[in-house]
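Numbering (our numbering), first residue to last: 3 to 716. C-beta atoms are modelled at their ideal positions from N, C-alpha and C, and glycine is treated no differently. Have a look at the structure below before the remarks.
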């Protein structure tokens with residue numbers, strides 16, 4: 003450190019340390035190495051130069067001293083004083099060192115670095131051993147200097163281009179969201195025209211720009227890269243142009259708390275990335291923000307026009323807040339969080355936690371299926387395929403999933419006889435394979451081929467004698483059918499998650515249902531208040547109303563926070579050390595490509611993807627079909643999906659900006675850069691998940707409703 007006590011910067015005194023090596027034999031400084039000139043350095047405020055070695059020199063030195071091969075990716079040079087018994091010994095050490103570095107450079111395959119090392123290798127060498135030692139040393143130093151120059155550079159133009167593209171994509175998504183919200187029934191025309199114009203104009207313009215770049219550089223790769231980057235930038239810019247011409251004064255005057263709370267939370271979340279402490283404790287912060295959003299809903303309960311609605315909003319808000327707090331009990335700790343963090347996701351020995359092993363089967367057997375049945379019964383939607391699908395097939399499936407991790411724990415249980423271990427392994431293997439078969443085969447087939455979750459009851463009117471037809475579950479035809487699709491997506495994520503993660507996923511599923519009911523209750527309260535305000539005749543609001551309240555951006559924010567909280571509480575952090583590699587062996591005895599990487603990816607971002615696929619559920623929950631008419635459920639679904647994407651795109655932009663701005667920060671590669679990496683992966687995964695959910699999940703659900711009631715989704 004410096005004389006002032008500074009130790010976190012990049013100055014010489016802050017990045018250097020003393021190295022002391024003890025020799026039982028003759029003094030190291032008096033060997034044959036003393037005949038050569040080795041690197042020396044004069045530190046600040048000193049007059050005498052000292053022998054200087056790089057920290058990376060320790061690895062090849064210790065490797066050869068212990069008789070081990072030098073690690074492939076190490077670029078250090080051996081410390082010659084430790085091989086100074088004879089010139090031949092020193093020559094052998096430096097030659098092995100140079101050959102190892104040359105192999106690495108060849109595999110790295112950077113044209114400039116390879117050329118520099120080849121040039122150094124081909125220089126003439128004298129016949130004496132001392133010349134060979136100097137030659138080997140020069141090869142190692144040339145490789146290190148060139149690779150350091152390559153790695154130490156931050157391409158500021160590329161960083162700026164990436165940040166600008168991310169910013170334009172966020173603006174384009176916001177513009178599409180506002181366009182869908184404000185265009186009413188013509189929203190699809192707006193989206194089609196905007197996308198056609200942006201993509202066509204961007205493609206034509208970028209083809210010219212790419213051609214010019216290719217001709218100028220005479221490099222086809224540059225032309226292709228320029229074309230794609232320009233297309234993305236120009237298309238995003240054109241999509242974002244409507245934001246420039248909006249009437250901001252009129253918009254700000256009509257902002258309510260319901261509309262403002264979501265953007266405010268997003269801004270707080272994004273700004274927090276400027277502090278490494280907030281990034282390190284993001285798991286706690288996300289839980290706090292989610293509870294805050296839930297408690298804000300309590301204020302809306304006070305303004306609901308009916309006591310039943312006030313009670314519903316109150317209970318659902320409190321339920322969501324309680325679940326968020328309970329989920330926060332499951333934690334894993336980053337290195338930087340110590341000693342203020344206690345791991346609960348894993349047991350004391352690093353194995354599965356006891357509470358996870360006990361609660362996962364109980365939640366699968368009795369809790370979650372029962373909660374789903376009760377919630378569906380509120381809208382009389384626990385009919386049709388729902389009882390068999392949920393109470394029989396799906397319940398057995400998640401019970402089997404929980405048993406897989408019980409068997410996983412039994413393999414290392416001291417009370418299990420060694421002779422029984424192969425049987426446990428075989429049982430565990432086939433449990434996982436059966437679960438995968440049901441999840442990807444039986445359940446989707448059952449959902450595709452089944453009808454809506456309704457029950458048609460025919461009765462005779464005693465007064466007139468006419469036959470009357472009642473449809474139980476009609477009011478939630480969209481939501482109940484889509485919920486079955488969502489349960490299919492839940493099953494594989496549940497399988498690859500450890501026992502504690504399975505308990506958390508069950509809580510996430512319950513939280514999604516409570517939030518869907520909360521949004522429905524708030525919609526009902528808002529519709530009734532509007533009817534009260536617009537009605538001039540008493541009792542006019544008692545009749546049935548087909549009015550629908552379009553979702554706001556704030557409706558998507560709790561789901562985004564719930565997804566991030568699910569990511570953290572299922573045993574993950576924005577660090578590579580939190581990756582749960584055991585998931586790679588679910589259903590397989592050895593690492594199998596591409597299944598094993600896919601299983602690890604599903605374990606890591608699966609909880610968040612499940613919440614992303616729940617976005618359409620919130621938009622269509624308890625929305626009644628209109629026989630022989632159209633219902634704007636597709637518009638509401640797309641609007642809510644765009645809001646959800648906007649949240650994660652903004653988070654990715656914020657993490658990119660802070661990583662770029664703080665690229666010389668001490669914690670950039672431990673905190674800021676990994677957070678940006680996971681943000682980019684999550685954004686891409688969320689986009690794909692929402693596209694799949696809207697096209698497949700909502701598309702099939704809409705076709706079922708149309709076949710039954712001739713109700714068009716628009």
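Residues of its chain near residue i, where Cβ-Cβ distance is below 6 Å and the 5 sequence neighbours each way are ignored
i, result
"residue 585", "498, 601, 602 and 605"
"residue 137", "127"
"residue 65", "72"
"residue 542", "At residue 542, the pLDDT of 48 sits below 50, so the modelled position is not reliable; the number obtained from the coordinates is stated separately. Nothing meets the Cβ criterion."
"residue 501", "354, 358, 359, 362 and 407"
"residue 626", "477"
"residue 244", "177"
Through-space distance from residue j to residue i, alpha-carbon basis
i, j, result
"residue 424", "residue 393", "32 Å"
"residue 79", "residue 73", "12 Å"
"residue 96", "residue 412", "51 Å"
"residue 476", "residue 485", "15 Å"
"residue 44", "residue 152", "26 Å"
"residue 671", "residue 532", "53 Å"
"residue 330", "residue 577", "19 Å"
"residue 182", "residue 668", "44 Å"
"residue 546", "residue 340", "At residue 546 the pLDDT is 43, less than 50, meaning the model places this residue with poor confidence and gives no usable figure here."
"residue 518", "residue 299", "13 Å"
"residue 446", "residue 285", "34 Å"
"residue 20", "residue 86", "21 Å"
"residue 704", "residue 509", "28 Å"
"residue 307", "residue 199", "46 Å"
"residue 337", "residue 683", "22 Å"
"residue 309", "residue 571", "35 Å"
"residue 349", "residue 332", "11 Å"
"residue 470", "residue 459", "8 Å"
"residue 450", "residue 488", "13 Å"
"residue 295", "residue 301", "11 Å"
"residue 365", "residue 282", "31 Å"
"residue 129", "residue 587", "56 Å"
Contact belief for residue i with residue j at Cβ below 8 Å, rounded distance in angstroms
i, j, result
"residue 651", "residue 175", "6 Å"
"residue 609", "residue 643", "About 18 Å; that fails the 8 Å criterion."
"residue 623", "residue 521", "7 Å"
"residue 656", "residue 275", "5 Å"
"residue 611", "residue 691", "4 Å"
"residue 242", "residue 195", "Rounded, the Cβ-Cβ distance is 15 Å, inconsistent with contact."
"residue 699", "residue 615", "7 Å"
"residue 132", "residue 89", "7 Å"
Own chain, CB closer than 7 Å to residue i, minus 5 neighbours either side, in chain order
i, result
"residue 591", "431"
"residue 67", "84"
"residue 621", "553, 635, 638, 639 and 642"
"residue 119", "104, 107, 141, 144 and 145"
"residue 208", "229, 232, 233 and 236"
Chain-order list of residues whose beta-carbon lies under 8 Å from that of residue i (same chain, five-residue window excluded)
i, result
"residue 454", "386, 475, 479, 482, 483, 706, 707 and 710"
"residue 167", "231, 234, 235 and 238"
"residue 327", "289 and 293"
"residue 52", "42, 43, 44 and 45"
"residue 693", "none"
Cβ pair residue i, residue j closer than 9 Å
i, j, result
"residue 1", "residue 504", "No statement about residue 1 is possible, as the shown extent of the chain runs from 3 to 716 and does not include it."
"residue 589", "residue 435", "yes"
"residue 318", "residue 334", "no"
"residue 561", "residue 514", "yes"
"residue 46", "residue 54", "no"
"residue 312", "residue 304", "yes"
"residue 267", "residue 563", "yes"
"residue 315", "residue 524", "yes"
"residue 179", "residue 648", "yes"
"residue 645", "residue 559", "yes"
"residue 63", "residue 81", "yes"
"residue 226", "residue 212", "yes"
"residue 496", "residue 403", "yes"
"residue 135", "residue 92", "yes"
"residue 580", "residue 631", "no"
Below-9 Å beta-carbon distance, residue i vs any chain C residue
i, result
"residue 324", "Absence of chain C from the displayed structure is noted, only one protein chain being present."
I want to know whether the region 103–119 touches the region 154–171 - three or more CB-CB distances under 8 Å.
Segments in contact, no.
With a cut-off of 8 Å, do at least 3 Cβ pairs link the region 358–375 to the region 396–410?
Look at the beta carbons and you see the region 358–375 touching the region 396–410: at least three pairs across the two are nearer than 8 Å.
Just checking, does the region 633–641 make contact with the region 655–669 on the three C-beta pairs under 8 Å criterion?
The region 633–641 makes no contact with the region 655–669; the number of CB pairs closer than 8 Å stays below 3.
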